[in-house]
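Engineer: What follows is a structure written as structure tokens; I'll ask about it next.
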Amino acid sequence: MLRKLPLYICFVFGTFMLAQFFIPHPVSTALYKMVLDWVQIIYALSLLVGAAMLIKHHTLIASKPVAKDRQYSLIVLFGIFIMIITGLFFGRGNKTVFLWIFNNIQAPMQATMFSLLSFFVASAAYRGFRARNAQSVFLLGAAIIVMLGKVPIGDMITPYIPQSADWLLNVPSMAARRGIYIGIALGTIATSLRVILGIERTYLGGK
Amino acid sequence: MDAVGGKRINIRHIIFILMALAVALPLIFKLGLPLRVTDEVRDVYGFIDSLPENSTVLISFDHDTSTLPEMVPLAEAILRHCFRNNIKVIGLALLAEGAAVGDDNLRRIAGEYHKEYGRDYLFLGFRPQFTVAILSMGEDIAREFPRDYRGVDIHNYPIMNNIKNYKDISAVISIADGDMPLYWINYAQARYGVKVIPEVTAVMATTMYPFLQSGQLVGLVAGLKGAAEYEKLLGKPGLASKGMDAQSTAHILIVLLIIVGNVVYFINRRKMRI
């Protein structure tokens, strides 16, 4: 029974959410709103569980004096607690410690990590993009046209570059992407039906 | 490979230095390359321009801080346009880090136009589980966000007087570094019929094109270039316009590196055969 209960819950709620879309009755709408509230409550609790597990995991590592990479766990714990303390006790609004840390430490660090991509893309462009065969020549040509077509200098060289870039994005790229989207949609419908009908049970932890 | 100061310099180091120069120099010495405004950006600008005064738009800051150099110019341009045209703005975030960024952007740009919090703009804060948050706001925004980012009941603010759900919103603008606009299309546009405008990073632009072509989007503002085009239409050059020269030179450098890399590759291959 314990094994089957989640399957019944999934079937009932899955079928309800599917059906209520086509039933604009006040009772259906009220139930729908209630389900939406429940989902958010469950999600918020799962966030708490996640945060607790993260703290537990890093506390265990940090508490072992000889643990490998212990310093990183200490930094994680320090970061978590400093943000919790400043956010809860000193506010999150304008001119607060929380916002100062966010704007002057977290944001620049993350932006720096992301900006490093440009250096690695440049290095990869030199070492990786090779015209080894006909397909890679097409790929290279398309990449160069789109790269130049999406910046002002491409327009300066010749207006055909941005026009060609737009054509590449609006015709061949779009065709491939539409095919992928249709595939994803059909796959999502099939998987959803399998989950609702209890055929797909991997979310329960089994095989 | 040369030895300099006991350390070896390889081609990667040279490429890194060239890239740093390609980005930094145009920021210092302005090139002023001409910029063509694309139709999808013009459509967004035209739509915002066509809204009557005191309309309300919902701006969702669906991004984290790693993409701030692209996201902030996008947000600033659209906020300036809204406030200049006396359009009311309700902000929110569906990714946690977007909350602090959104609040900061809104307060800063609203300050430029002397707009009042609660009357001209409001920031609702962050909600997890974005799918449910989007669906829930279609029924009742106050049910999803009973209190704003400052913890005050949103019914206390005059901006919320005639706002219940998407029916009272002129458009949803998702400033995103991922595919969050797709969720706005799937759950807000398809189900509730609200107009959606994505403002996304350049790499996410191709994801949006099918929906742009199908007419499900008002327009599209993508990347630093999109923001620069918007700034040009606004007649107020900002961060994005400054960055366009640097982006152009960086792209040119990458194209040159591809060409040089291939020349070296073919020379080496010929030598191997001989």
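These protein sequence lines are chains A and B, in that order. Here the numbering used here is used: the first residue of the first sequence is 5, the next is one more, and so on. Here the numbering used here is used: the first residue of the second sequence is 9, the next is one more, and so on. Heads up, the beta-carbon is just placed ideally off N, CA and C, and yes, glycines get one too. Computed from a prediction, not measured in an experiment: that's the story for all the values here.
Please return the same chain residues whose Cβ sits closer than 8 Å to the Cβ of Ile171 of chain B, not counting the five positions on each side in sequence.
Structural biologist: To locate residue 171 of chain B, count along the second sequence from 1; it is residue 163. The residues are Thr64, Ile98, Ile149, Ile177.
Engineer: Under 7 Å between C-beta atoms, does Met280 of chain B make it to chain A?
Structural biologist: Numbered from its first residue, the second sequence carries residue 280 of chain B at position 272. So, not an interface residue.
Engineer: When DSSP labels each residue in this structure, what does Tyr121 of chain B get in the three-state scheme?
Structural biologist: For the purposes of this step, residue 121 of chain B is taken as the residue at position 113 of the second sequence. Coil, per DSSP.
Engineer: The beta strand (DSSP E) with Gly133 of chain B in it runs from where to where?
Structural biologist: Working through the second sequence from its first residue, we reach residue 133 of chain B at position 125. Run containing Gly133 of chain B: 129 to 134, per the beta strand (DSSP E) assignment.
Engineer: For Tyr200 of chain B and Leu35 of chain A, I'd like the C-alpha separation in whole angstroms.
Structural biologist: The residue given as residue 200 of chain B occupies position 192 in the second sequence. The residue given as residue 35 of chain A occupies position 31 in the first sequence. Distance between the alpha carbons of Tyr200 of chain B and Leu35 of chain A: 18 Å.
Engineer: So who's on the other strand from Val208 of chain B, going by DSSP bridges?
Structural biologist: Counting from 1 along the second sequence, the entry for residue 208 of chain B is found at position 200. Val208 of chain B is bridged to B:Ala184, B:Ala230.
Engineer: Determine the chain B residues that contact Phe133 of chain A at a beta-carbon separation under 8 Å, and present them in chain order.
Structural biologist: As a working mapping, residue 133 of chain A is identified with position 129 in the first sequence. Residues of chain B passing the Cβ test: Ile266, Gly269, Asn270.
Engineer: Under the assumption that Phe153 of chain B contacts Ile142 of chain B (Cβ atoms under 8 Å), give the Cβ distance between them as a whole number of angstroms.
Structural biologist: Translated into positions along the second sequence, residue 153 of chain B becomes position 145. Translated into positions along the second sequence, residue 142 of chain B becomes position 134. At roughly 12 Å, the Cβ-Cβ gap does not stay under 8 Å, so Phe153 of chain B and Ile142 of chain B are not in contact.
Engineer: Would you list, in chain order, the members of the segment 37 to 68 of chain B that have their beta-carbon closer than 7 Å to a beta-carbon of chain A?
Structural biologist: Correct list: Leu41, Pro42, Leu43, Arg44.
Engineer: Select from A:Ser196, A:Val53, A:Ala146 the residue whose C-alpha is nearest the C-alpha of Leu172 of chain A.
Structural biologist: The count along the first sequence starts at 1 and reaches residue 172 of chain A at position 168. With distances taken between Cα atoms, Leu172 of chain A lies closest to A:Ala146.
Engineer: For a cutoff of 7 Å on Cβ pairs, would you count Gln114 of chain A as touching chain B?
Structural biologist: Position 110 of the first sequence holds residue 114 of chain A. Answer yes: the Cβ-Cβ gap between Gln114 of chain A and chain B drops below 7 Å somewhere.
Engineer: Leu114 of chain B versus chain A: which residues are under 9 Å apart at the beta carbon?
Structural biologist: Position 106 of the second sequence, counting from 1, holds the residue named residue 114 of chain B. Ordered by position in chain A, no residue passes the 9 Å Cβ test against Leu114 of chain B, which lies about 11 Å from the chain.
Engineer: With 7 Å as the threshold, decide whether the Cβ of His21 of chain B is near any Cβ in chain A.
Structural biologist: Within the second sequence, residue 21 of chain B is the residue found at index 13, counting from 1. Judged by the 7 Å Cβ criterion, His21 of chain B is not in contact with chain A.
Engineer: For chain A, is any of its Cβ atoms less than 7 Å away from the one on Gln137 of chain B?
Structural biologist: Locating residue 137 of chain B in the second sequence gives position 129, where the first residue counts as 1. Yes, Gln137 of chain B lies at the interface with chain A (some Cβ there is under 7 Å from its Cβ).
Engineer: Just list the alpha helix (DSSP H) runs in the segment 65 to 141 of chain A, keeping only unbroken ones of 4 residues or longer that don't cross its boundaries, in chain order.
Structural biologist: Within the segment 65 to 141 of chain A, the complete alpha helix (DSSP H) runs of at least 4 residues are 74 to 94, 101 to 105, 111 to 132.
Engineer: Residues of chain D with CB closer than 8 Å to the CB of Pro30 of chain A, please, in chain order.
Structural biologist: In summary, chain D is missing from the structure at hand, where the protein chains are A and B.
Engineer: Roughly how many whole angstroms lie between the Cα atoms of Ile260 of chain B and Leu33 of chain B?
Structural biologist: Numbered from its first residue, the second sequence carries residue 260 of chain B at position 252. Numbered from its first residue, the second sequence carries residue 33 of chain B at position 25. Cα to Cα, Ile260 of chain B sits roughly 14 Å from Leu33 of chain B.
Engineer: Could you say if the segment 210 to 226 of chain B and the segment 129 to 146 of chain A meet the contact criterion of at least three C-beta pairs nearer than 8 Å?
Structural biologist: Cβ pair count under 8 Å is below three, so no.
Engineer: Ends of the alpha helix (DSSP H) at Thr214 of chain B?
Structural biologist: Taking the second sequence and counting its residues from 1, one reaches residue 214 of chain B at position 206. Thr214 of chain B -> alpha helix (DSSP H) spans 213 to 221.
Engineer: Any chance the segment 72 to 81 of chain B sits against the segment 179 to 199 of chain B, with 3 or more Cβ pairs inside 8 Å?
Structural biologist: Segments in contact, yes.
Engineer: Is any beta-carbon of chain A found at less than 7 Å from that of His163 of chain B?
Structural biologist: Here the question's residue 163 of chain B lines up with position 155 in the second sequence. Chain A contact via Cβ: absent.
Engineer: Check whether the Cβ of Glu78 of chain B lies closer than 7 Å to any Cβ atom in chain A.
Structural biologist: In the second sequence, the residue the question calls residue 78 of chain B occupies position 70. Closer than 7 Å: no.
Engineer: Anyone know if the C-beta pair for Tyr130 of chain A and Ile23 of chain B falls short of 7 Å?
Structural biologist: Position 126 of the first sequence, counting from 1, holds the residue named residue 130 of chain A. Position 15 of the second sequence, counting from 1, holds the residue named residue 23 of chain B. In contact: Tyr130 of chain A and Ile23 of chain B (Cβ atoms closer than 7 Å).
Engineer: Assuming Asp6 of chain B is part of the beta strand (DSSP E), what are its boundary residues?
Structural biologist: Only positions 9 to 282 of chain B appear in the structure, and residue 6 of chain B is not among them; the question remains open.
Engineer: Check whether chain B comes within 7 Å of Pro156 of chain A, counting only Cβ atoms and requiring the distance to be less than that.
Structural biologist: On the first sequence, position 152 is the one that residue 156 of chain A refers to. Judged by the 7 Å Cβ criterion, Pro156 of chain A is in contact with chain B.
Engineer: Is it right to say Gly234 of chain B is buried, meaning 16 or more other beta carbons lie within 10 angstroms of its own, or is it exposed?
Structural biologist: Against the second sequence, residue 234 of chain B aligns to sequence position 226. Gly234 of chain B comes out buried.
Engineer: Report the CB separation of Asp156 of chain B from Leu132 of chain B in whole angstroms; it is logged as a contact under 8 Å.
Structural biologist: For the purposes of this step, residue 156 of chain B is taken as the residue at position 148 of the second sequence. For the purposes of this step, residue 132 of chain B is taken as the residue at position 124 of the second sequence. So it is a contact: roughly 5 Å between Cβ atoms.
Engineer: Excluding five sequence neighbours on each side, which residues of the same chain lie with their C-beta closer than 7 Å to the C-beta of Glu105 of chain B?
Structural biologist: Start at 1 with the first residue of the second sequence, and residue 105 of chain B comes out as number 97. Closer than 7 Å at Cβ, skipping near neighbours: Asp72, Thr73.
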